[in-house]
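J.: Dropping the structure in here first, questions after.
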Amino acid sequence: MAAYLNRTISMVTGNGSTTPYDANALTDSTTRRTLQNAGHDKSPLQIFVRAKKKINDIYTEIEEYVTETTQFINGLPQDLEIIDKAEYELFKSYVQKVIAIREVLARDHMKVAFFGRTSNGKSSVINAMLREKILPSGIGHTTNCFCQVEGIDGQEAYLVKEGSDEKLNVVSIKQLANALSQEKLSESSLVRIFWPRERCSLLRDDVVFMDSPGVDVSPNLDDWIDNHCLNADVFVLVLNAESTMTLAEKSFFHTVSQKLSKPNIFVLNNRWDASASEPEFQESVRAQHQERCVDFLVKELKVSSEKEASERVFFVSAREVLQARLQEAEGNPAHAGAIAEGFQNRYFEFQDFERKFEECISKSGIKTKFEQHSSRGKNIAGDMRLMLENIHERATVLRNNKMEQKKVLTDRIQNTENQLMLVTREMKMKIHSMVEEVEQKVSKALNEEIWRLGVLVDEFNMPFHTEPLVLNIYKKEINSHVEQGLGSNLRARLSLALAMNVETAQRDMTERMHALVPSDKLVHQTKQITSRSQPFEMLYSLNCQNLCADFQEDLEFKFSWGITAMIQRFTGKVRGNRKQAALTHNRQSSNVQNILSPASTEPDSPMCLVPAQHGITQEQLSMISKFAFASIGSQGTVGGLLVAGFLLKTIGWRVLVGVGALYGCVYLYERLCWTNTAKEKAFKNQYVRHATKKLKMIVDLTSANCSHQVQQELSSTFARLCRVVDTATTEMNDELKQIEGSLGVLESHQKQLKLLKNKANYIINELEIFENNYIKAA
Numbered sequence: 002m003a004a005y006l007n008r009t010i011s012m013v014t015g016n017g018s019t020t021p022y023d024a025n026a027l028t029d030s031t032t033r034r035t036l037q038n039a040g041h042d043k044s045p046l047q048i049f050v051r052a053k054k055k056i057n058d059i060y061t062e063i064e065e066y067v068t069e070t071t072q073f074i075n076g077l078p079q080d081l082e083i084i085d086k087a088e089y090e091l092f093k094s095y096v097q098k099v100i101a102i103r104e105v106l107a108r109d110h111m112k113v114a115f116f117g118r119t120s121n122g123k124s125s126v127i128n129a130m131l132r133e134k135i136l137p138s139g140i141g142h143t144t145n146c147f148c149q150v151e152g153i154d155g156q157e158a159y160l161v162k163e164g165s166d167e168k169l170n171v172v173s174i175k176q177l178a179n180a181l182s183q184e185k186l187s188e189s190s191l192v193r194i195f196w197p198r199e200r201c202s203l204l205r206d207d208v209v210f211m212d213s214p215g216v217d218v219s220p221n222l223d224d225w226i227d228n229h230c231l232n233a234d235v236f237v238l239v240l241n242a243e244s245t246m247t248l249a250e251k252s253f254f255h256t257v258s259q260k261l262s263k264p265n266i267f268v269l270n271n272r273w274d275a276s277a278s279e280p281e282f283q284e285s286v287r288a289q290h291q292e293r294c295v296d297f298l299v300k301e302l303k304v305s306s307e308k309e310a311s312e313r314v315f316f317v318s319a320r321e322v323l324q325a326r327l328q329e330a331e332g333n334p335a336h337a338g339a340i341a342e343g344f345q346n347r348y349f350e351f352q353d354f355e356r357k358f359e360e361c362i363s364k365s366g367i368k369t370k371f372e373q374h375s376s377r378g379k380n381i382a383g384d385m386r387l388m389l390e391n392i393h394e395r396a397t398v399l400r401n402n403k404m405e406q407k408k409v410l411t412d413r414i415q416n417t418e419n420q421l422m423l424v425t426r427e428m429k430m431k432i433h434s435m436v437e438e439v440e441q442k443v444s445k446a447l448n449e450e451i452w453r454l455g456v457l458v459d460e461f462n463m464p465f466h467t468e469p470l471v472l473n474i475y476k477k478e479i480n481s482h483v484e485q486g487l488g489s490n491l492r493a494r495l496s497l498a499l500a501m502n503v504e505t506a507q508r509d510m511t512e513r514m515h516a517l518v519p520s521d522k523l524v525h526q527t528k529q530i531t532s533r534s535q536p537f538e539m540l541y542s543l544n545c546q547n548l549c550a551d552f553q554e555d556l557e558f559k560f561s562w563g564i565t566a567m568i569q570r571f572t573g574k575v576r577g578n579r580k581q582a583a584l585t586h587n588r589q590s591s592n593v594q595n596i597l598s599p600a601s602t603e604p605d606s607p608m609c610l611v612p613a614q615h616g617i618t619q620e621q622l623s624m625i626s627k628f629a630f631a632s633i634g635s636q637g638t639v640g641g642l643l644v645a646g647f648l649l650k651t652i653g654w655r656v657l658v659g660v661g662a663l664y665g666c667v668y669l670y671e672r673l674c675w676t677n678t679a680k681e682k683a684f685k686n687q688y689v690r691h692a693t694k695k696l697k698m699i700v701d702l703t704s705a706n707c708s709h710q711v712q713q714e715l716s717s718t719f720a721r722l723c724r725v726v727d728t729a730t731t732e733m734n735d736e737l738k739q740i741e742g743s744l745g746v747l748e749s750h751q752k753q754l755k756l757l758k759n760k761a762n763y764i765i766n767e768l769e770i771f772e773n774n775y776i777k778a779a
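Using the numbering used here, you'd call the opening residue of the sequence shown number 2 and step up by one each time.
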């Protein structure tokens, strides 16, 4: 017994060594409180408290993490298509799961349930452990319902009946839970007693005590277990040491072992103080009870090993311990509450039970409650990490696709701009060459048509009359005829070829632009630009009405062999010869001046006097001839008489008369032939000469106008095509901006996803550390 006492003291001090205390030494209350406080500081229940705080802290982080992740997932744009609806719902469900787990964690505690026959001292054991007489106890059937004692913050104790939120005075427990009370409660009903934590170290460490009615007073054992025992961490079977274990007690724990996997069961042989009256049988009775209890745990229930079972059987006196602790609370020594001899041994064995009970319930509570929460936390974090990895992979694939699209689009924009510059340069050169070609063709064709103007005028067959009013109408009509004829001839010769060339150039432009326009819509626009309801037609603006408005016809009869006509012919030839001589002289003069040195060309130089030394100058000769012909023309009669006298004297009058007669016949013939038809012919000849002169003046203008029409047609077509390409380039730039914006969003989301994955790894690591420190260590 002394060895057992020393072992118990060693466990209380927590140093594992045998301390040579004897029973009498512990009668001092100060020494006992010191040992008690030392034991509480190293209480195994503190491991559960720390584990609970740690798991709550971790789940606070998990809740923040799940909330943050869910908010991030909800904020992801739907058009990114990197997360489906099922994943949205799954992320949302994790929030509720974590909230539910945190609520369970807040209620998690170490629960110990006390069972046994009626009046075996279950309530007394709980009161002794709580160090206060809380539960009703006494002889006979006292507890008629389940009573659960829990710790609360604050100083006021109260109780709550099942199905009610009303807080009752804790004194009412003696009436409510007592079997002798007039207010009967159901055997399976629960009364929850909330006791201040500061008044009990076990309640402060989240231990909850469950007292029960006797297992021999009700057949509803299955309901008891289902309603009150499934969440219990430790079961305490309180036996009466004065008798033996009954079938009712065994049956109850057989049912418990079937519903729970290897429950933690302690066996307390209460009322061991009765053994003091028969000390000679004490050891043998103890051994007998020890053997039967161990066999029950090991062989019948199979919930523990023989060594473990032997350490879970205790012989105590709960009423004696309660009285001793109440005496200690009043400042008296513990042995003041002793009932019989051997108090110190029974007191230390009760403390040994409390120590092992604390170790067991702490390990069991951590394992049964926190292991599941830790596993669920790791599953939640792992599942979220896996989903985040999948989302991150999809975001990476989408980002790579966007990067490829950006590269393709950037290359396409750059290529379009480069090709547009080349095509623009090429088209400008082509338009320029076509414009020059059109100008040459129109100029050549118009000159040819001007040379054939007489034929066109001869085709005009409107009746001719010399009356001024009719003649004016005739002029307008012949102007219109010439204008239409020239235009028609030019169109017949040029328009078809020019239109084909323009359409060919437009098709070439369109084909070249098609390669630069990726959109089908814009390709359709380019086709609409080049499609025409009518082919290109050149407009030749000759405007003969204005050109020939100054035309003045001369329809008076003029004898072709008259003196005036002869003088005009001679004057015309002289003028022609003079012009040719002047051109020849100018060329010779320029050659001479090129040979001479600059100094010899000065005004005072002798070379400047050379032309004057050879006689009359060309200007003087021209003035003399003009004066002479003018004098002859103005004095025709005198001149004629002089010529006639000279001829009469020279050739005779007969010849002169014959020549005169012949001259007169010719004059008469011409005079008679000067009919309306001759006048029309003379009019047309005069008109042809005048129109030819005027039309030649506008050849360059007309050809330039036609070339300008071609240039305007091709340039406008190319400009519209360029606008289409610019539109396509703008659309590609807008699309590029959208892709760059999407890339920025994706990169931001990827960073956040990576951060959230790292947080999931951190939480999993925290839970693994928690398991290593608390669950596996337990």
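Backbone N, C-alpha and C define an ideal beta-carbon position, used for all residues, glycine too.
(1) Between K403 and I83, how many whole angstroms is the CB-CB distance? I'm expecting something under 8 Å.
(2) Count the other CB atoms, across all protein chains shown, that sit within 10 Å of the CB of R108; report buried if there are 16 or more and exposed otherwise.
(3) Using beta-carbon positions only, say whether A335 and A319 come within less than 7 Å of one another.
(4) Compute the Euclidean distance between the alpha carbons of L307 and N121, then round it to the nearest angstrom.
(5) From which residue to which residue does the alpha helix (DSSP H) around P469 run?
(6) Between E405 and P78, what straight-line distance do the alpha-carbon atoms span, to the nearest angstrom?
(7) Determine the DSSP secondary structure at R118, reduced to helix, strand or coil.
(8) For F358, which option in S44, K752, M733 and E279 has the closest C-alpha, if you only look at C-alpha atoms?
(9) Do S190 and D224 have their beta-carbon atoms positioned less than 7 Å apart in this structure?
(10) Please list the terminal residues of the continuous alpha helix (DSSP H) segment that includes K694.
(11) Taking Y541 as part of the beta strand (DSSP E), name the residues at either end of that continuous run.
(12) Give the DSSP bridge partners of I153, in chain order.
(13) Are the CB atoms of E554 and Q713 nearer to each other than 7 Å?
(14) So what does DSSP say about K777, is it helix, strand or coil?
(15) Can you tell me which residues form a DSSP beta bridge with F315?
(16) Just reading off the beta strand (DSSP E) that N241 is part of, what are its end residues?
(17) Taking the straight line between their C-alpha atoms, what separation do you get for Q420 and A506?
(18) Whole angstroms are fine: how far does the CA of G152 sit from the CA of R193?
(19) I'd like the span of the beta strand (DSSP E) that includes F210, first residue to last.
(20) Since L160 is in the beta strand (DSSP E), which residue starts that stretch and which ends it?
(21) Hey, V711 and V436: beta-carbon distance below 7 Å or not?
(22) If distances are taken between C-alpha atoms only, which option among G332, E329, R313 and Y348 comes closest to E321?
(23) Just to confirm my understanding: we take K53, look at its own chain, exclude 5 residues before and 5 after, and list those with CB closer than 8 Å. What are they?
(24) To the nearest angstrom, how far is it from the Cα of Q546 to the Cα of M463?
(25) Quick one: what's got a C-beta closer than 6 Å to K777's C-beta in the same chain, skipping five residues either side?
(26) Identify whether L423 lies in helix, strand or coil by the three-state DSSP scheme.
(27) Quick one: is F282 buried, meaning 16 or more other Cβ sit within 10 Å of its Cβ, or exposed?
(28) Hey, out of K260, C201 and K123, whose CA is closest to M211's CA?
(29) Who are the near neighbours of E350 in its chain, counting only those whose CB is closer than 7 Å to its CB and skipping five residues on each side?
(30) How many whole angstroms separate the CB atoms of S258 and V295, which I take to be in contact at a CB cut-off of 8 Å?
(31) Evaluate contact between the region 338-347 and the region 361-378, counting only Cβ atoms and requiring at least three cross-stretch pairs below 8 Å.
(32) Can you give me the start and stop residues for the alpha helix (DSSP H) that K263 sits inside?
(33) Sorted by chain position, which residues of the same chain lie with C-beta nearer than 7 Å to M510's C-beta, five sequence neighbours on each side aside?
(34) Mind reading off the beta-carbon distance from A396 to L747? Whole number of angstroms is fine, and I expect it under 8 Å.
(35) Check for me: the alpha helix (DSSP H) holding L46 runs from which residue to which?
T.: Answer, in terms of the structure:
(1) Contact flag wrong, Cβ pair sits at about 12 Å.
(2) exposed
(3) No, the pair does not count as a contact, with Cβ atoms beyond the cut-off.
(4) First, the amino acid is wrong: residue 307 is Glu here, not Leu. Using only the alpha carbons, I get a separation of about 25 Å.
(5) P469 to L491
(6) One C-alpha to the other measures close to 21 Å.
(7) coil
(8) S44
(9) no
(10) First-last of the alpha helix (DSSP H) with K694: N677 to M698.
(11) From DSSP, Y541 is part of no beta strand (DSSP E); its letter is neither H nor E.
(12) P197
(13) No, Cβ-Cβ distance for E554 and Q713 is not below 7 Å.
(14) coil
(15) L269
(16) V235 to N241
(17) Q420 and A506: Cα-Cα distance of roughly 18 Å.
(18) Each residue's Cα considered, the two are about 10 Å apart.
(19) V208 to D212
(20) The continuous beta strand (DSSP E) containing L160 extends over residues Y159 to K162.
(21) yes
(22) Y348
(23) L106, D109, D207 and F371
(24) 17 Å
(25) none
(26) helix
(27) The residue in question, F282, is exposed, as its Cβ has fewer than 16 Cβ neighbours within 10 Å.
(28) K123
(29) T9, F315, F316 and V317
(30) Going by Cβ atoms, the distance from S258 to V295 rounds to 15 Å, so no, they are not a contact pair.
(31) no
(32) For K263, no alpha helix (DSSP H) segment is defined, and its DSSP state is neither H nor E.
(33) M428, T718, F719 and L722
(34) Contact check for A396 and L747: beta-carbon distance about 6 Å, within the 8 Å limit, so the pair qualifies.
(35) L46 to N75
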